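> This is the structure I want to talk about, given as structure tokens.
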Amino acid sequence: MDGPGTITWEEFLDNAKSLLDVSDKISDGWELHGDE
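So for the sequence shown, full-length UniProt numbering puts the first residue at 1; every next one is plus one.
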């Protein structure tokens, strides 16, 4: 059940990929594991 503040899997992946871009720039080593 979706509720307030709920995001889709696609939205989550888009946000995670943006976080990966920032992580690469600051070299903190964050990685996204799992299936898309």
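We put the CB at the ideal spot given by N, CA and C, even for glycine.
Nothing here was measured: the structure is a model prediction, and the numbers come from that model.
The alpha helix (DSSP H) that contains L13, what's its start and end?
Mapped onto the sequence shown, residue 13 falls at position 13. Looking at the DSSP string, the run of the alpha helix (DSSP H) that includes L13 is W9 to I26.
> Using the Cα positions of G29 and P4, report the straight-line distance between them to the nearest angstrom.
Here residue 29 is taken as the residue at index 29 of the sequence shown, counted from 1. Here residue 4 is taken as the residue at index 4 of the sequence shown, counted from 1. Cα to Cα, G29 sits roughly 32 Å from P4.
> Excluding the 5 residues flanking E36 on each side, which residues of the same chain have their C-beta closer than 8 Å to its C-beta?
Here residue 36 is taken as the residue at index 36 of the sequence shown, counted from 1. Answer for E36: L13, listed in chain order.
> Excluding the 5 residues flanking S23 on each side, which residues of the same chain have their C-beta closer than 6 Å to its C-beta?
If you number the sequence shown from 1, residue 23 lands on position 23. So the qualifying residues of the chain are W30.
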